[in-house]
Every structure is written in structure tokens, then in C-alpha cells.
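Protein chains in written order, with our numbering: chain A, 607 to 1268; chain B, 525 to 1055.
A quick write-up on the structure given underneath.
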Amino acid sequence: MPPAIRKVLVANRGEIARRILRTVRALGLASVAVHSDADARAPHVVEADEAVRIGPAPGRDSYLAMDRILEAARATGADAIHPGYGFLSENHEFAARVAQAGLVFIGPPVEAIRRMGSKIGAKEIMAAAGVPVVPGASLADLPLKESLAAARDIGFPILIKASAGGGGKGMRIVREEAAFAEAIATARREAESAFGDGTLLIERYFDAPRHVEIQIFGDAHGNVIHLGERECSIQRRYQKIVEEAPSPAVDAALRGRMGEAAVAAARAIGYVGAGTVEFIVDREGAFYFLEVNTRLQVEHPVTEAVTGLDLVRWQILVAGGAALPLAQQEVALRGHAIEARLYAEDPAADFLPATGAVALWRPLDLPGVRYDSGVEAGSEVGVHYDPLLAKVIAHAPTRDEAIRLLRRALAALGVGPIMTNRDFLLAVLDHQAFAAGALHTHFIEQHLPPETRRAARTPAHDRIHAIAAALWEHAARRRAGGPLPQSVPSGWRNNRWRAQDASYVLGGERVEVRYVAEPGDGFVIEGEPPARALVHAVDTRGIAVEIDGVRRRFAVAAIRDALVVHGPLGTATLAPVPRFPPAEREDLAGGCLAPMTGIIREVRVKEGDAVEKGAVLLVLEAMKMEHQMIARDVGIVKQVRVEVGQMVDPDEVLVVVEPREA
Amino acid sequence: MEVLRTNVDTRSETYRHNREGFLEQITLLNEQLALAREGGGPKYVKRHVERGKLMARERIELLLDRDSPFLEIAPLCAWGTEFALGGSVVSGIGVVSGVECVVTANEPTIKGGSINPYGALKTGRTMEICAQNRMPIINLTESGGADLPFQSTIFVPGGRGFRELTRRSRERIPTICLVFGSSTAGGAYVPGMSDYVVMVKNGAKVFLGGPPLVKMAIHEEVDEETLGGADMHSRMSGVSDYLAQDERDAIRLGREIVAQLNWKKLGWSKRVPVEEPLYDPDEMLGLASIDVRKPFDVKEIIARIVDGSRFHEFKPTYGTTLVTGYAHVHGYPVGILANNGILFSESSEKGAQFIQLCNATSTPIIFLQNITGFMVGSRYEQGGIIKDGAKLINAVSNSTVPHVTIMVGASYGAGNYGMAGRAYDPRFVFSWPNHRIAVMGPEQLAGVLSIVRRQAAERAGQPFDEAEDAMIRQMVQGQIEKESYAFFATARVWDDGIIDPRDTRTVLGISLSAAHNNVIEGATGYGVFRM
Chain A
607 MPPAIRKVLV ANRGEIARRI LRTVRALGLA SVAVHSDADA RAPHVVEADE
657 AVRIGPAPGR DSYLAMDRIL EAARATGADA IHPGYGFLSE NHEFAARVAQ
707 AGLVFIGPPV EAIRRMGSKI GAKEIMAAAG VPVVPGASLA DLPLKESLAA
757 ARDIGFPILI KASAGGGGKG MRIVREEAAF AEAIATARRE AESAFGDGTL
807 LIERYFDAPR HVEIQIFGDA HGNVIHLGER ECSIQRRYQK IVEEAPSPAV
857 DAALRGRMGE AAVAAARAIG YVGAGTVEFI VDREGAFYFL EVNTRLQVEH
907 PVTEAVTGLD LVRWQILVAG GAALPLAQQE VALRGHAIEA RLYAEDPAAD
957 FLPATGAVAL WRPLDLPGVR YDSGVEAGSE VGVHYDPLLA KVIAHAPTRD
1007 EAIRLLRRAL AALGVGPIMT NRDFLLAVLD HQAFAAGALH THFIEQHLPP
1057 ETRRAARTPA HDRIHAIAAA LWEHAARRRA GGPLPQSVPS GWRNNRWRAQ
1107 DASYVLGGER VEVRYVAEPG DGFVIEGEPP ARALVHAVDT RGIAVEIDGV
1157 RRRFAVAAIR DALVVHGPLG TATLAPVPRF PPAEREDLAG GCLAPMTGII
1207 REVRVKEGDA VEKGAVLLVL EAMKMEHQMI ARDVGIVKQV RVEVGQMVDP
1257 DEVLVVVEPR EA
Chain B
525 MEVLRTNVDT RSETYRHNRE GFLEQITLLN EQLALAREGG GPKYVKRHVE
575 RGKLMARERI ELLLDRDSPF LEIAPLCAWG TEFALGGSVV SGIGVVSGVE
625 CVVTANEPTI KGGSINPYGA LKTGRTMEIC AQNRMPIINL TESGGADLPF
675 QSTIFVPGGR GFRELTRRSR ERIPTICLVF GSSTAGGAYV PGMSDYVVMV
725 KNGAKVFLGG PPLVKMAIHE EVDEETLGGA DMHSRMSGVS DYLAQDERDA
775 IRLGREIVAQ LNWKKLGWSK RVPVEEPLYD PDEMLGLASI DVRKPFDVKE
825 IIARIVDGSR FHEFKPTYGT TLVTGYAHVH GYPVGILANN GILFSESSEK
875 GAQFIQLCNA TSTPIIFLQN ITGFMVGSRY EQGGIIKDGA KLINAVSNST
925 VPHVTIMVGA SYGAGNYGMA GRAYDPRFVF SWPNHRIAVM GPEQLAGVLS
975 IVRRQAAERA GQPFDEAEDA MIRQMVQGQI EKESYAFFAT ARVWDDGIID
1025 PRDTRTVLGI SLSAAHNNVI EGATGYGVFR M
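As C-alpha cells, this is what we get:
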């Protein structure tokens, strides 16, 4: 019998740490947060009873540093550790060390984690347990004839990949027998040259599969049940962004079969706690084992919504030795839930992660909508961690209603100026293929190619947002006061030469608002056509302004060099044009500026080098991605201002190249 | 405090007539202001802008804090004269880096910004405003110096400007000069006498004698940059304290300099929360008389100017042709003296007493001037009207609280003096477009001259030519009318500008606030009151 749990340390950050802390509090337990230097003021730290600094910002020095986390547990007297997802959640060594320290690991047994850690090993275990796996074979040194026979057994299309491989090298999709021999030969040559090993694997290739997973739960008393499925087919860069329960492709019969398979899988490894068995489902409804996630999933809230259960509560109960609160037949699914993951990223730029400030964070309180957020107004999103800002979950009686509710919540969410995928999520929800439930893992490539991923802006909306911003700033300046009585009209002239004005850059374009204050709170807005504006209410958080007879409320937040305006017409980020632009920036010619906060990983040039246009000057790592900084012109490297390992800020000058006639 | 009642009948013939007359005058005013804004005309403006330079008004707009009001002083200076409307200078009061400043800018598109006699008059007035109200002055300089054909009218009095600058400095009133272009010969002493000087690179040219004169005098061949460029003055001569990269940079530096002044307003009044007047200020156009010969109730005007239309009347039943009392304007406590007819002995004495009371409590005074003069006639002379008028003039002359005078109608005779006309140094004086100013009404003046002529003829025993007299009367009346016209007066900076009556409250607010930069302290002594 494990010791009673009284104080839980949450070894994670962001939205999941907050979500776990919520249940810990609800269960009447004490809580401990851990944090890196970058997270010293993060919401999860503020919300826990106690918090311990565990190291500098990089994950390996903090949230992945087992010693420090265990030390934090000792220092605070925590008796259990919840790892959340990511970081150490699927690290069997950590789970073992937690147990050795006499603490409860809120997760599956060490052995289950270890065995599911190897993908090939996991597949073998599942095949042995009778769980359907993706048909495949190792070709090793098989002659062509036997290889073709193996391929026929598997069924076309076939995916060929290098056993030693990765990164797409040696990968081939073969749709018909005729092309098989040629493809094998090419793939083998590539694998040999790339990895020095020509061993190939073949497996069934699925063109447009669905990703459906089953939530399983086991206890230490031998009970294992499943809590239905989640469909997570909407993915970008192999990461889920919209998930739902139930799946529009799964009926009760299929759910039963998949559930049984998942339970069988769990039993095969003696599973205890929360886990997820991932499958792919083909067009015919056949399903194949992918992998087991031995942790709480990001998308667990949709299961919580339709089952009415608190999965973290169950995790803690089970970890404390209790039996599962429900039997399989007591699990009922009610309604439909959809989750959208709000990321700081640029969908139009291949979902490049974004960093920056969350000056505005204003979720709208709507019945049936849950916000699991890791940020608050004033948060900063840096380079060190996953750029997930929040999950928005809508639960409604039907799928159509859930889509509509989620759409409304996302549209109404005031967030900025950090770039997010919100408009892109709305485009997914608005797509007719999504409404039809016709989901598959290539949905985004097929339906929403990069050129469609920029939010549509109209000059009319831009103007309204600029007016709202200008009048909000105007009010802020008035509030700040000055030597004259406040009652002296703003911008008054006895010989008016021109209107008061405010200029912004909005979506790369300059928008100017010229206004003349009138008695009361009215303004004449010049332009074609002129407009009238009346400020009904204004404070530090926003403005209610009537423009040409239509009154709208806008949430507004300002940071150093940007304003975010959010209202019924969407969100706009406006950069005020300074009245006195800073002195001319150094001529960079062919050099480069840092596009975002990041770390210099490689410097490929030195001062005095001659570079061609397009030459890679250096490599910047940001948000776990490597960005090549290239020369924009032919020239001589005049200055290299950074070195490997250095952190850089946006717009920092990295390399100066003196242009030279080509 | 009592709320003033109104008896306005917006449907009456008089109301309609007045309103139409005022609107016509306001249109005329706005037309003239628009003309004044045109600078040297499209050709010179285009040439100036094409050189990458900012217009005088653009410089001012950039210098001012965003949303700051700007009360332009004497915008129609030189109206009706041979000189450019506005006097080739733009001046006014606005907020720079949170400090109320006097800003004055040469109009470089008019004869290269050269100074004419009217511009000199206006510049003198702005220096006076600085001194009286203790406000920093910022000169935006680009001037070719004196308008040479008129040098005789400028040279001798013009020297005072430089003396005034250094006196402001001695008075610890900051003087800041941003040099955008030429500032040569005598003009070089504008930066020379200023506390802070910013010069625009490749723009400012500051020297006592230009290359031609240098060549003439000492046979040296030298270019303008070497002789007096911004770079030279910032690196070698020390005439410039800051080298600005361009015009915007100069303005930015000017704003930063003001931000460092550690400015404190010294005037203190017990301000109260502001209430707007209860009645629509637009109604003043129908309530006041467009024809100054027709009287109107000045309390209707007070009711549309003061906070909450509240007025604590002092001596309401005594000397009723002069209304006296306390009110608040934009939260500032003020005493008000307003004419409601001719000045009699009682009303003059009442005014003298009230001015002393305001001084006793260091309360600023607003004069609403609509006066045709002191009462005449044997009964009144025997009653000592001169003695009582003298009391009023004594009090107004020696009062030390800020006076702001608004000309809302007639300003004839010694009434102008007793009610703080220009010669009595009010902090500010503004006029309504119906305003008429002269030693007496044109009709009276012509009539007086006619009587004098008739008496002379009688004494000489000569026949009196009635037809000729009628002609002369008409001519004289016409001339006086012209010379007492509001635009004629404002052209000569007899006031600080003609305003739209509906702006009166705002103008008062800015004026009172400006006045509070200086200490506000009532008089401790007066001339001997003749009893």
C-alpha cells in the first residue's frame, strides 16, 4: 500500500501545471510548483502553495533536471510527484528515482513506461497480445522475389524506409507492384550511402488515415477500463491542434472493438494509471496500433467533458492505491467536445513558432467553454519551451453546436500582440470538410495550404481598429493629465491648421487617423468618407466607441511598441509610428538582423570573408527550430557581432556585410 | 453659489439678427485666418517643402505635445496692411513636454522669414507674455533678418528683442532657440542670447556677416558652412549646444530640453471640480449685440462662460451698470467685472472696491468689456464722476492679480482704461468680432466735430455750409468706423486676437492656466484714492 498523498509536487510548467494544481487544490491537497528562472513569475508558480526554483531557463537545466526536482520535493516535504506531459513524464528512470526516494510517482509503473518507450518493441508486444498493428516486414537481405511477396502480403501502397534511417532519407511510397523493384533499389542505395546500412523496412502506407486514440485507465487492483476515443486527425508538423471526442468516424461498435483492443494492450503491459493507446484508422474503419502514451495527454479535457470525469483526480486516486471509481459499463459519454490548441506561431510561415508578449489575454466567459491556459495578461512567451498558450475546449450536446461554441470562444478571445494560430484554427473550424467530419491527418495540407493561412483584413476593419486605438491612446494621454485643466478641449486651436493625428503600422501598412475632438466625447474623423466617433466608455482595459452609428466594445492593451485591439471585428496589432523616428539605422546592406529571440548555434563566416548572395552567414536556433540567416547581397563581411551560444533579441544586428559590386 | 437664469428667446427677431450677424463675422474671421495660414503662397511653400524643410506650423505641431491646445496669438496681425497677414511670424501658447510654453516661429516662405514692423510688434508681445506669465519661450528660427526696405522702422526698436531674451534668462525664464535656417547679422543674436541653442545640420546658417560681406570687408573667400554652419557652431564656436541631424531631430531635442527644465508652476489657486455651463455657448451669438450700439445683458454671457453657470454676485443692487462677482472658470476661482451699461459714480466705486477685494484674496480677474464710456453731464461732473472713475483706474492700474480682458462689444473712451484695456497690461486681451474700439463712437465723434465746426463758424460770423458739414460728418464717421473695426485693432496687436465668441471659455481657461505659471499675489498698495 503506498503512503497517503498529502502534498503533490507538479514537475511541469504552463497550462498543464495549472490544470493539475487545480485538481490538487480541489482534492484538499497541498501543492508545490517548480520553476526555471524564465518562469519565476509564471501563473503556475503564483498559484501553488509553495514553489521552488530548480534552475536556469533551458529545460535540461530545470524541468528535465531530476536531481533538482527530487531535491525540491525533499525540501518541501512533498510526498507525490505529478510529471504532467512532456519533460520527464515518460522517463522511466525518473519514475524509478521517484519511487526510490520514497515518493509516489503519479503515473504508470516504471516497467510499463520502459517497455512502451521503444516503438519497435511496443509494436511487437502489441502484435503478440493480438492488438492489430500496421502490417510490415524487414527486408534485410531478402532477394527481390521474396521482398515482392512480402509487399503483396502487406498490400499496396507500401512505404519503404531505411531501418537505420530518419529524416526522410531512403523513404519511398510505392503505389503499385510495377514500381516496386526500382524503388527498392534506389532506397537501398540511398540508405547505404546515408547510413552505411542498406537494411530496409516496408509497411502499409495509409493515404489519408485518421488518428484516433483510446483513453485507458488501470488501477493496482487489476482493473482496466477505457473512456472512449478522441480523434486527433487535425495535425500540423506532426502535432495535433484540434481534437475531439467522440470521433465522427467511430460508432458504438467500432468504439467497442477499439476499446477492447486498447484494454488488451494495457493488460499486456500491466498498466496502471492514465494512458492512451493511439491508432490509425483507415477509410474502411480498420484500425492499427501506433503507440502507447504512458501519461496524461494534452487533449485529455475532451474526454473529461464527454465523460464528466476529472482524469487528474483519477490519476491521484489510483496512484494512492485506490480502485477505479467506475466500472466499464458505468462510463457514459454525453454530448460532443472539441479542443483547439492556441499556439504562438505563424501558420503562414510553416507554423514558425512566435515569441513575444501576451499583453492582452481576455477569454470570454461562455457556458460550456473551458480555457486551460498557461498565460495571463502580461506573460512573455520565450524560446525555451513549447509555444502552447492555451487550450480552448467547447462541450455541447451535438458536434455542430460544439463547433459553433468553440468558434465563438476563439473569435471572442482577446489575445496579442504575440502572433497566434487563432485565425487559422477558425479557418479549420469553418471548413466544410471539418463540418462534415471528413478528417484525416493530411487535412491541413489538403484544405488549408500556406497561402490561405493569412487572416483576411479589410481596409474598413483596419480603419475602425485604428480609430479605436487612436481614441484609446488619446484617452490615456488625457488621463495622464498636463499643466492645463482637463476641461480645456483636446487639441483645441483658434486657428486650426490640421487635425490631430495618430499613425500606426497595421499588417505592414501605414494607417493614419486624423481626428478633431468635439465638445463632449465626440470626434470628427477625417478621411474619405469622413466619420463620426463617440466614446461611450474608456479605461485602461478598453474602449466602447460608436463609429458612424455602430457601437462596439474593444479590449485594448499596450506594450512598448504595439497596441492590441480586439473586438467584434477580430484582433489587430498596431505599431504606433513614432513622431520622432530614431536616427537612421546602420546600413546593413547584405547583413542580417535576428528575426526573433534565439540562440546562435553556428557562425559560418568571419570578418573579411567574401560572401555570395544567399550564403548562409549563421544558424539561429529558436523555438527548437534552426533558422539559417543568409546574406542578402554579395559583399565582404565587415562585422560578426555574435558568437556561438549567444542569446539574441529580435532585430539585433548579427552580421554586417559591406556590399560589393557583383 | 447661485445659478444664473436665462431669458433667452431663440425665436425673437433680435436673436436671429444677432446670430446671423455673428455667423457672418465668424465666416469672415475664418477666411482671414485661412489666408494667414497660407504662408508665402503655393510657389514658395512648394519650394520650401521640396527642400525637405518643414513649414512653420508643421514645426510647431511637432513641437507641441500630442493633443495639446494651441492658442495662437495675434494671428491676424498686419491685417489690411502692405505686410503679410500674420506678420511673417506664428506665435502662441501650447504645451511642450508637459510645460506651457510660448512658441514663436518665423514664416520662412514669406520673404525668407524676414522681420517687418508688424512681426516685430507681435514678437514684442510674445516676449511680454513670457515675462508676465513666467513662461519659457521657444524660438523656431529661420529668418533672413530685417525686411531691408523697412529697416528704418525696425532697426532701432528691433534691438529690444535681444535685450528681452537675456532679461528673460535673468528672470530664470528659459529661452530656447532651434535654428532651422538663416539667422544672420542681428538675427544671430536670437541664438546668441538664448539659454539653449539647437542647430540643424546643413540647415542653420548663423553668422554676423555672410560671405559677400566678408569678402567686401576683409577679402576673405569663405563658404556659408565654414562661416556659420550648424556643424561648425556645434564643434568649434560653441554658439550651438546641440547638433540636430535634421529638422525633426531638432524638434525632438527641443522637446527634450523642455523636459529637463524641472518646471514648476508658481501660481496657486484653490481649484474646484469643473462643471460645464448649463446653457449652450452657441446662444451667445444671438444674445450679444452684433451692433454695439444696442445694449445686451452681460449676465447672459457670464452664464455661458462660467462653471455650472454659477455666479456669486457682489453688490447686486448697487451700481448695477457694472456687474461684479465671483465664479469659477475651468475650476479656477475668478472675480468678474462686466459692463451692463454706462459707468456711473456708483458703478465705478463698486468696481474699485471689487478689484481691491480680489487682490486681497489673490483672485484673478476677468473683465468683460462692453463700455461706451463714463457718464457725462453736469449732474455727474458735479457728483465727481472723474474722481470715481479715477478710483476705478487707480485700482485696475495697481492691481497685481492676473487680468484677462474680453472685448465683447464696445470699448470707447476712458471705459477702455477702467476695464483693463491693452494699455493697462492685462495678461491677455481677446476680442469678439463685433468689437469696436475708439476714443468714442464714430457717430458721436463725427457729431462732436460738427458741433465744434459749427461753433467756430458762429464765432467767426461765417455761414455754416450744412451740405459740406453732412459730407464731412459722413467722411469722419466712415474713417472712425474703419479705425474702430475689430480687424483694424487686431492688425495692430491692440488685442491678442479676435476669437469666435463660443471659444471664450476655452480661451479663458488657457489664459488662466498660463497666468498660473507665475506667482499670483494681490496688490499691497495703490495710488492715493481721491475721496
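Every residue gets a Cβ at the ideal spot worked out from N, C-alpha and C, and that includes glycine.
Computed from a predicted model, the values in this text were never measured in an experiment.
Practice task
Give a yes or no on whether the minimum CB-CB distance between Phe1186 (chain A) and chain B is below 8 Å.
Solution key: Here residue 1186 (chain A) is taken as the residue at index 580 of the first sequence, counted from 1. It does; some Cβ of chain B falls within 8 Å.
Practice task
Determine the DSSP secondary structure at Ser693 (chain B), reduced to helix, strand or coil.
Solution key: Taking the first residue of the second sequence as 1, we reach residue 693 (chain B) at position 169. Three-state result, Ser693 (chain B): helix.
Exercise for the section: Would you list the residues sitting across from Pro1135 (chain A) in a DSSP beta bridge? Expected result: Within the first sequence, the letter at position 529 stands for residue 1135 (chain A). Its beta-bridge partners do not exist; DSSP assigns none.
Handout entry: Proximity of Ile829 (chain B) and Thr848 (chain B) at Cβ, strictly below 8 Å
Key = Here residue 829 (chain B) corresponds to residue number 305 of the second sequence, with the count starting at 1. Here residue 848 (chain B) corresponds to residue number 324 of the second sequence, with the count starting at 1. Against a cut-off of 8 Å, the Cβ pair of Thr848 (chain B) and Ile829 (chain B) comes out as no contact.
Problem - Which residues DSSP lists as bridging Lys788 (chain B), in chain order - result: Working through the second sequence from its first residue, we reach residue 788 (chain B) at position 264. Secondary-structure assignment with DSSP links Lys788 (chain B) through no beta bridge to anything.
Practice task
Could you tell me whether the Cβ of Val1122 (chain A) comes closer than 8 Å to any Cβ of chain B?
Solution key: By 1-based counting over the first sequence, the position of residue 1122 (chain A) is 516. Not closer than 8 Å to any Cβ of chain B, the Cβ of Val1122 (chain A) fails to qualify, so no.
Exercise for the section: Return no unless some Cβ of chain B is closer than 8 Å to the Cβ of Pro1182 (chain A). Expected result: Stepping through the first sequence from its first residue, residue 1182 (chain A) is reached at position 576. It does not; no Cβ of chain B falls within 8 Å.
Handout entry: DSSP three-state assignment for Asp755 (chain B), whether helix, strand or coil
Key = On the second sequence, residue 755 (chain B) is found 231 positions in, with the first residue counted as 1. DSSP places Asp755 (chain B) in helix when its eight states are reduced to three.
Exercise for the section: Determine the DSSP secondary structure at Ser612 (chain B), reduced to helix, strand or coil. Expected result: Position 88 of the second sequence, counted from the first residue, corresponds to residue 612 (chain B). The answer is coil: DSSP assigns Ser612 (chain B) none of H, G, I, E or B.
Handout entry: Interface residues of chain E facing Arg696 (chain B) [CB-CB closer than 9 Å]
Key = This model lacks chain E altogether, as its protein chains are A and B.
Practice task
Return the residues of the region 1088-1099 of chain A that lie within a Cβ-Cβ distance of less than 9 Å from chain B, sorted by chain order.
Solution key: Gly1088, Pro1089, Leu1090, Pro1091, Gln1092, Ser1093, Val1094, Pro1095, Ser1096, Gly1097, Trp1098 and Arg1099
Practice task
Closer than 9 Å by beta-carbon distance: list the chain A residues that pair up with Leu586 (chain B), in chain order.
Solution key: As a first step, residue 586 (chain B) is located in the second sequence; it is residue number 62 there, counting from the start. What Leu586 (chain B) touches in chain A: Arg1185 and Phe1186.
Problem - Short CB-CB distance (under 8 Å) between Trp1103 (chain A) and chain B - result: Reading the first sequence from its first residue, position 497 is the one you call residue 1103 (chain A). Yes, contact with chain B.
Problem - From A:Tyr669, A:Ile660 and A:Ile622, residue whose alpha carbon lies closest to that of His650 (chain A) - result: One-based indexing of the first sequence puts residue 650 (chain A) at position 44. Cα-wise, what sits closest to His650 (chain A) is A:Ile622.
Exercise for the section: Apply the 10 Å Cβ neighbour rule to Gly753 (chain B) and answer buried if 16 or more other Cβ atoms are within range, or exposed otherwise. Expected result: Numbered from 1 along the second sequence, position 229 holds the residue referred to as residue 753 (chain B). Its Cβ being crowded by 16 or more others within 10 Å, Gly753 (chain B) is buried.
Problem - DSSP beta-bridge partners of Lys465 (chain B) - result: Outside the shown range of chain B (525 to 1055) lies residue 465 (chain B), about which nothing can therefore be said.
Practice task
Report the rounded CA-to-CA distance for Gly876 (chain A) versus Leu923 (chain A), giving the unit in angstroms.
Solution key: By one-based count along the first sequence, residue 876 (chain A) stands at place 270. By one-based count along the first sequence, residue 923 (chain A) stands at place 317. Rounded to whole angstroms, Gly876 (chain A) to Leu923 (chain A) spans 18 Å at the Cα level.
Problem - Sufficient close CB pairs (3 or more, under 8 Å) joining the region 1017-1035 of chain B to the region 1075-1089 of chain A - result: Contact between the region 1017-1035 of chain B and the region 1075-1089 of chain A is absent: fewer than 3 CB-CB pairs across the two stretches fall below 8 Å.
Problem - Min CB distance Gln1106 (chain A) to chain B below 8 Å - result: Looking up residue 1106 (chain A) in the first sequence gives position 500. Yes - at least one Cβ of chain B is within 8 Å of the one on Gln1106 (chain A).
Exercise for the section: Spell out whether any CB of chain A is found under 8 Å from the CB atom of Ser813 (chain B). Expected result: Reading the second sequence from its first residue, position 289 is the one you call residue 813 (chain B). So, not an interface residue.
Exercise for the section: For Arg968 (chain A), name the three-state secondary structure that DSSP assigns. Expected result: Looking up residue 968 (chain A) in the first sequence gives position 362. Note: Arg968 (chain A) maps to strand in three-state DSSP.
Handout entry: Length-filtered (4 minimum) alpha helix (DSSP H) runs lying within the region 633-696 of chain A
Key = 649-653 and 672-682
Practice task
Please find out if some non-hydrogen atom of the ligand HEM comes closer than 7 Å to the beta-carbon of Leu867 (chain B).
Solution key: Here there are no bound small molecules, and the ligand HEM is not part of this structure.
Practice task
Would you verify that the beta carbon of His1046 (chain A) is, or is not, closer than 8 Å to some beta carbon of chain B?
Solution key: Numbered from its first residue, the first sequence carries residue 1046 (chain A) at position 440. Not one chain B Cβ lies under 8 Å of His1046 (chain A).
Problem - C-beta neighbour in chain B for Arg1166 (chain A), strict 8 Å - result: Position 560 of the first sequence, counting from 1, holds the residue named residue 1166 (chain A). By the rule that beta-carbons nearer than 8 Å mark a contact, Arg1166 (chain A) does not touch chain B.
Exercise for the section: In the DSSP assignment, find the alpha helix (DSSP H) that holds Ala1018 (chain A) and state where it starts and stops. Expected result: Position 412 of the first sequence, counted from the first residue, corresponds to residue 1018 (chain A). It spans Arg1005 to Ala1018 - the alpha helix (DSSP H) in which Ala1018 (chain A) sits, taken as one unbroken run.
Exercise for the section: State yes or no: is the beta carbon of Ser1037 (chain B) nearer than 8 Å to at least one beta carbon in chain A? Expected result: Residue numbering aside, residue 1037 (chain B) sits at position 513 when the second sequence is read from its first letter. At least one chain A Cβ lies under 8 Å of Ser1037 (chain B).
Problem - Proximity winner among A:Phe1160, A:Ala654 and A:Ile1131, relative to Val1119 (chain A) (alpha-carbon distances) - result: Here residue 1119 (chain A) is taken as the residue at index 513 of the first sequence, counted from 1. Cα-wise, what sits closest to Val1119 (chain A) is A:Ile1131.
Problem - Which residues DSSP lists as bridging Glu819 (chain A), in chain order - result: Position 213 of the first sequence, counted from the start, is the residue given in the question as residue 819 (chain A). Per DSSP, A:Arg836 and A:Glu884.
Practice task
Check whether the Cβ of Glu1192 (chain A) lies closer than 8 Å to any Cβ atom in chain B.
Solution key: As a first step, residue 1192 (chain A) is located in the first sequence; it is residue number 586 there, counting from the start. Since pLDDT at Glu1192 (chain A) reaches only 46, below the 50 mark, its modelled position is unreliable, and the value read off the structure follows with that caveat. No, Glu1192 (chain A) does not count as interfacial toward chain B.
Practice task
Pull up the distance between the alpha-carbon of Glu1045 (chain B) and that of Ala1168 (chain A), whole angstroms please.
Solution key: Taking the first residue of the second sequence as 1, we reach residue 1045 (chain B) at position 521. Taking the first residue of the first sequence as 1, we reach residue 1168 (chain A) at position 562. Their Cα atoms are separated by approximately 47 Å.
Exercise for the section: Mind reading off the beta-carbon distance from Val1240 (chain A) to Arg1266 (chain A)? Whole number of angstroms is fine, and I expect it under 8 Å. Expected result: As a position in the first sequence, residue 1240 (chain A) is number 634, starting the count at 1. As a position in the first sequence, residue 1266 (chain A) is number 660, starting the count at 1. That pair is a contact at about 6 Å.
Handout entry: Residues near Ser902 (chain B) by beta carbon distance below 7 Å, same chain, minus five either side
Key = Indexing the second sequence from 1 puts residue 902 (chain B) at position 378. So no residue of the chain qualifies.
Practice task
Could you tell me whether the Cβ of His1080 (chain A) comes closer than 8 Å to any Cβ of chain B?
Solution key: The residue labelled residue 1080 (chain A) in the question sits at position 474 within the first sequence. Yes, because at least one Cβ of chain B sits closer than 8 Å to the Cβ of His1080 (chain A).
Exercise for the section: Measure from the C-beta of Glu1258 (chain A) to each C-beta in chain B and report whether the shortest distance is under 8 Å. Expected result: To locate residue 1258 (chain A), count along the first sequence from 1; it is residue 652. Not one chain B Cβ lies under 8 Å of Glu1258 (chain A).
Problem - C-beta atoms of Thr909 (chain A) and Leu833 (chain A) nearer than 8 Å - result: Reading the first sequence from its first residue, position 303 is the one you call residue 909 (chain A). Reading the first sequence from its first residue, position 227 is the one you call residue 833 (chain A). The answer is yes: Cβ separation under 8 Å.
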